[in-house]
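Asks:
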Amino acid sequence: MSDKFFDYIIHGGDYNPDQWIDTPEIWDEDMRLMNLAHVNSATVGIFSWSMLEPEEGIYNFEWLDELLDKLHENGKDVILATPSGARPLWLAQKYPEVLRVEESGIRNEYGVRHNHCLTSPIYREKVQNINRRLAERYKNHPAVKMWHISNEYCGECHCELCQEAFREWLKKEYKTLDNLNFKWWNGFWSHQVSDWSQINSPKFRGENHVPAMKLAWKRFVTDSHISFFENEIVPLREITPDIPITTNFMKMYDGINYQKFAKHLDLISWDNYPAWDKGRNVAEAYETAFVHDTFRSMKDGQPFFMMESTPSLVNWHDVNKLPKPRRQELSSIQAVAHGADSVQYFQWRKSRGGHEKFHGAVVDHCGHENTRVFKEVAKLGRNLEKISDVVGKRTNSKVAIIYDWENKWATGYFCGYNNLERDYYKECTKWYAPFWKNGIAVDVISMDDDFSKYDLIIAPFLYMLKDGVDKKIEDYVYNGGKFISTFLTGIVDKDDLCHLGGFPCGNLKEVFGIWAEETDSLPKGVENAVEFNEHYYKAINFCDIIHAENAEVLAHYKSDFYYDTPAVTKNNYGKGTAYYVAFCDKGRFSKEFIEEIIKEYDIKADTEIKADSGVSIRKRGNVIFIMNFSDGVAKVTLDREYLDIVNGTSVSGEVTINECGYLVLE
Ligand code: GLA
Ligand code: ZN
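If you count the sequence shown from 1, you need to add 51 to reach the working numbering.
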């Protein structure tokens, strides 16, 4: 499928008119308001199963027919959802096996959502049936442009069906029990498995101290979600082969390996709810940028959809602070700058009752357009119409950071070193930040992705190296790549078995020119000092104690018994260079070190525009986005004359951008 699903940026969001079925005048009012808000699409039917099939085998599509026609008459595109995220009560009552069993072993009662077994043949059959009916009925409906599969797949089920499926999965993965016993190191605590039936899912009351088993379970749960999804889409692929398919991901949710799931989607979409205006807007901005870039990189740079965001506040923070005026507009523009071809909200109209009635929506309970939020959405809608040139445009980046879902699991499971202060996501965003601040585009990739297209790769805390990845790094560096690793690199394999023969594993000792002999852990509040270029930096949490065997030493530790031993090294290997940063940095070292690297290798920013700190600059196609995330007015120095696309004026020289403001230039 192509990169371009629409000719314009999709602006819309979750629309739940089935909640307003008894007030048809509200449906008409919605159409009027959508037009006013410059909204061009609606995502419908996400939680509509009980409206579509009120009793088993009794269907009611008339309301949806009418709604889709109405949306079409008003020029709106429809993203049609499959309703598997929440099932009708009759279904759970008649077939209790569809309900999820929690880790406790107790089956849930009906209620909430995402409460289904991933294996249950009956549930899979019922889902396929309702999906088939939707596809048959709307295959030729001119408004229907995309499938939204289920909603935020998540969680896991521990029922007997899932246990059996797990054992079958293990048989395929490990072939023999001898192999499994070896890989899981089951001799430890005398846990050899002598029959497959002895294996259950990891549980608090059962086996929960075998990291390899927990990794296997995560992989199995990922595959269960993928197979559930593949089952859902059988009738859609068959009946509507030309309608693209997506499902909405949840930020860096680690219950499912999204990097694997992504390969099954026509396009990625994700739900973006940053916590703005809580005193850390710049950090929130680069962390959100990192997440956008992660999703953009999952399908080789293909644009993605921002399927949900709130137009004002959420209802699920402890305290739901209102974002400042224009904050959500800026947040939406950020998504587009990083590769989103849509700005969509949860939700169009606030629910009158239920759990989410105080969650932000475009249309408030007052019901009219004279609200701050509505006006901001309408203004953004107008602006998005002016920048439709970016649709379908990929970003080419020469720098990548490895953020690998399986490594995330592994770094969370091992017991040892610093068990308290250990945050893989934070490590990666810390090394991403200096690139963001310098306006340099970064891809965020997994260890399985192609390295060869990058000039520079940073792999923070890459504790797990699956088979062949050490060789891949070696080849990459040998052929001219620059590679930066940090503490605890290359410690275990795919099954969390330690690599033997010294760390980092295998030939990486030659590639980095070092041997990491021990790792020290520092409790919160305790720091080591690192001297680099005659400046002192703070090391926290983890400090590898290394020997520079061939490498040049760039920095030394300055306290503790490993005083004056190497803390940062550089090694030329083949045509490339490998750096080892042996410690966990408190934040300043990574910034200044990366700035040196940028200078040394002449890594180019996307543009020549200079701006105050807190301002992010991104280029997509020919369009340049300048976004002010700082807590005040920011100054920007343009390198030439540009067209301000939003205002239709030309700009040059020094300009100022208000707090939460942005410029879109060409
Ligand atoms: C998620 C869900 C939506 C809604 C929003 C609220 O993203 O997909 O249905 O519950 O959260 O923020
Ligand atoms: Zn189950």
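Cβ atoms here follow ideal geometry from the backbone N, Cα and C, with glycine treated the same way.
Since I believe K686 is in contact with S653 (beta carbons under 8 Å), could you give me their beta-carbon distance rounded to a whole number of angstroms?
Replies: Counting from 1 along the sequence shown, the entry for residue 653 is found at position 602. Counting from 1 along the sequence shown, the entry for residue 686 is found at position 635. In the sequence as presented, Ser is not what sits at residue 653; that position holds Asp. Going by Cβ atoms, the distance from D653 to K686 rounds to 26 Å, so no, they are not a contact pair.
Asks: Contact check, Y464 vs K265 under 8 Å by CB: the rounded distance?
Replies: On the sequence shown, position 413 is the one that residue 464 refers to. On the sequence shown, position 214 is the one that residue 265 refers to. So it is a contact: roughly 5 Å between Cβ atoms.
Asks: With H, G and I counted as helix, E and B as strand and the rest as coil, what does DSSP make of A93?
Replies: Translated into the one-based positions of the sequence shown, residue 93 becomes position 42. Note: A93 maps to strand in three-state DSSP.
Asks: Rounded to the nearest angstrom, what separates T94 and L605 at their Cα positions?
Replies: If you number the sequence shown from 1, residue 94 lands on position 43. If you number the sequence shown from 1, residue 605 lands on position 554. So the alpha carbons of these two residues sit roughly 54 Å apart.
Asks: Measure the CB-CB distance between D494 and S448 and report whether it falls below 8 Å.
Replies: Looking up residue 494 in the sequence shown gives position 443. Looking up residue 448 in the sequence shown gives position 397. Yes, these two residues count as a Cβ contact at 8 Å.
Asks: Starting from P172, trace the alpha helix (DSSP H) in both directions and tell me its first and last residue.
Replies: Walking along the sequence shown from the start, residue 172 turns up at place 121. According to the DSSP assignment, P172 belongs to the alpha helix (DSSP H) that extends over 172–189.
Asks: Inspect the beta-carbon positions of G64 and Q398 and report whether they are closer than 8 Å.
Replies: Here residue 64 corresponds to residue number 13 of the sequence shown, with the count starting at 1. Here residue 398 corresponds to residue number 347 of the sequence shown, with the count starting at 1. Yes; because the gap between Cβ atoms is below 8 Å, this pair is in contact.
Asks: Can you tell me whether F255 is buried or exposed, with buried defined as 16 or more other CB within 10 angstroms of its CB?
Replies: For the purposes of this step, residue 255 is taken as the residue at position 204 of the sequence shown. Label assigned to F255: exposed.
Asks: If you measure from each residue's Cβ to the nearest non-hydrogen atom of the ligand ZN, which ones come out under 5 Å, in chain order?
Replies: Result (chain order): C168, T170, C208, C210, L212, C213.
Asks: Counting pairs of beta carbons, one from the segment 435–445 and one from the segment 53–63, are three or more of them closer than 8 Å?
Replies: yes
Asks: Excluding the 5 residues preceding and the 5 following I77 in the sequence, name in chain order all residues of the same chain whose CB lies nearer than 6 Å to its CB.
Replies: Locating residue 77 in the sequence shown gives position 26, where the first residue counts as 1. Only W71 meet the Cβ criterion.
Asks: Please classify Y110: is it buried, with 16 or more other beta-carbons within 10 angstroms of its beta-carbon, or exposed?
Replies: Translated into positions along the sequence shown, residue 110 becomes position 59. Exposed: under 16 other Cβ atoms inside 10 Å.
Asks: Cα separation between G532 and C417?
Replies: Taking the first residue of the sequence shown as 1, we reach residue 532 at position 481. Taking the first residue of the sequence shown as 1, we reach residue 417 at position 366. Cα to Cα, G532 sits roughly 58 Å from C417.
Asks: So what's K196 in DSSP terms, helix, strand or just coil?
Replies: In the sequence shown, counting from the first residue as 1, residue 196 sits at position 145. Annotated three-state conformation of K196 is strand, per DSSP.
Asks: Use the C-beta contact count for Y630: other C-beta atoms within 10 angstroms, 16 or more gives buried, fewer gives exposed.
Replies: Taking the first residue of the sequence shown as position 1, residue 630 is located at position 579. Its Cβ being crowded by 16 or more others within 10 Å, Y630 is buried.
Asks: To the nearest whole angstrom, what separates the beta carbons of L714 and D690, a pair I think is in contact under 8 Å?
Replies: For the purposes of this step, residue 714 is identified with residue 663 of the sequence shown, where counting begins at 1. For the purposes of this step, residue 690 is identified with residue 639 of the sequence shown, where counting begins at 1. Incorrect: roughly 14 Å between the Cβ atoms, too far for contact.
Asks: Work out the CA separation of K481 and S363 for me, nearest whole Å.
Replies: Working through the sequence shown from its first residue, we reach residue 363 at position 312. Working through the sequence shown from its first residue, we reach residue 481 at position 430. When rounded, the distance between both Cα atoms is 28 Å.
Asks: Does the structure place the segment 587–600 close enough to the segment 633–646 that three or more beta carbon pairs sit under 8 Å?
Replies: yes
Asks: Are there three or more Cβ pairs, one per stretch, closer than 8 Å when the segment 84–102 is compared with the segment 419–437?
Replies: yes
Asks: Between which two residues does the alpha helix (DSSP H) containing A263 stretch?
Replies: Indexing the sequence shown from 1 puts residue 263 at position 212. Its alpha helix (DSSP H) spans residues 262–290.
Asks: Tell me which same chain residues have a C-beta within less than 8 Å of the C-beta of W198, skipping the five on either side of it?
Replies: Here residue 198 refers to the residue found at position 147 of the sequence shown. Answer for W198: I130, L131, A132, T133, I284, L287, T291, I294, P295, I296, T297, listed in chain order.
Asks: For I596, name the three-state secondary structure that DSSP assigns.
Replies: In the sequence shown, counting from the first residue as 1, residue 596 sits at position 545. If DSSP states are grouped into helix, strand and coil, I596 belongs with the strands.
Asks: From what residue to what residue does the alpha helix (DSSP H) around I384 run?
Replies: Indexing the sequence shown from 1 puts residue 384 at position 333. From DSSP, the alpha helix (DSSP H) with I384 extends over 378–388.
Asks: I'd like the list of long-range same chain contacts for K121, defined as Cβ closer than 7 Å, with 5 residues on each side in sequence excluded.
Replies: Within the sequence shown, numbered from 1, the residue matching residue 121 stands at position 70. Excluding sequence neighbours, K121 sits near W78, M82.
Asks: Tell me whether the segment 155–166 and the segment 269–285 touch, counting them as touching only if at least three CB pairs, one residue from each stretch, are closer than 8 Å.
Replies: no
Asks: Tell me which residue opens and which closes the alpha helix (DSSP H) that H123 is part of.
Replies: Position 72 of the sequence shown, counted from the first residue, corresponds to residue 123. Its alpha helix (DSSP H) spans residues 113–124.
Asks: Do K589 and L471 have their CB atoms nearer than 8 Å?
Replies: Residue numbering aside, residue 589 sits at position 538 when the sequence shown is read from its first letter. Residue numbering aside, residue 471 sits at position 420 when the sequence shown is read from its first letter. No; because the gap between Cβ atoms is not below 8 Å, this pair is not in contact.
Asks: Near K517, which residues of its chain fall below 8 Å by C-beta distance, leaving aside the five closest residues on each side in sequence?
Replies: The residue labelled residue 517 in the question sits at position 466 within the sequence shown. Excluding sequence neighbours, K517 sits near E457, M498, D499, D544, K545.
Asks: Please name the residue in A194, F271, F502 whose C-alpha comes closest to that of E124.
Replies: For the purposes of this step, residue 124 is taken as residue 73 along the sequence shown, with counting starting at 1. When only C-alpha atoms are compared, the closest one is A194.
Asks: I'd like the list of long-range same chain contacts for H368, defined as Cβ closer than 7 Å, with 5 residues on each side in sequence excluded.
Replies: Taking the sequence shown and counting its residues from 1, the one referred to as residue 368 is at position 317. A326, listed in sequence order.
Asks: When the Cα atoms are used, what is the spatial distance from R669 to G352?
Replies: Position 618 of the sequence shown, counted from the first residue, corresponds to residue 669. Position 301 of the sequence shown, counted from the first residue, corresponds to residue 352. In a straight line, the C-alpha of R669 is about 15 Å away from that of G352.
Asks: At the level of alpha carbons, what is the spacing between N601 and G564?
Replies: In the sequence shown, residue 601 corresponds to position 550, counting from 1. In the sequence shown, residue 564 corresponds to position 513, counting from 1. In this structure, the alpha-carbon of N601 lies about 5 Å from that of G564.
Asks: Figure out for me which residue from N579, Y587, N282 has the closest Cα to the Cα of N182.
Replies: Counted from its first residue, the sequence shown places residue 182 at position 131. N182 has its Cα closest to that of N282, out of N579, Y587, N282.
Asks: With a cut-off of 8 Å on the beta carbons, I'd call I496 and V450 a contact; round off their distance for me.
Replies: Walking along the sequence shown from the start, residue 496 turns up at place 445. Walking along the sequence shown from the start, residue 450 turns up at place 399. At roughly 11 Å, the Cβ-Cβ gap does not stay under 8 Å, so I496 and V450 are not in contact.
Asks: Comparing the CB of N558 with every heavy atom of the ligand GLA, is any distance shorter than 7 Å?
Replies: Taking the sequence shown and counting its residues from 1, the one referred to as residue 558 is at position 507. Checking every heavy atom of the ligand GLA against the Cβ of N558, none is found closer than 7 Å.
Asks: Could you check whether the segment 205–222 touches the segment 234–248, counting it as contact only if at least three pairs of C-beta atoms, one from each stretch, sit closer than 8 Å?
Replies: yes
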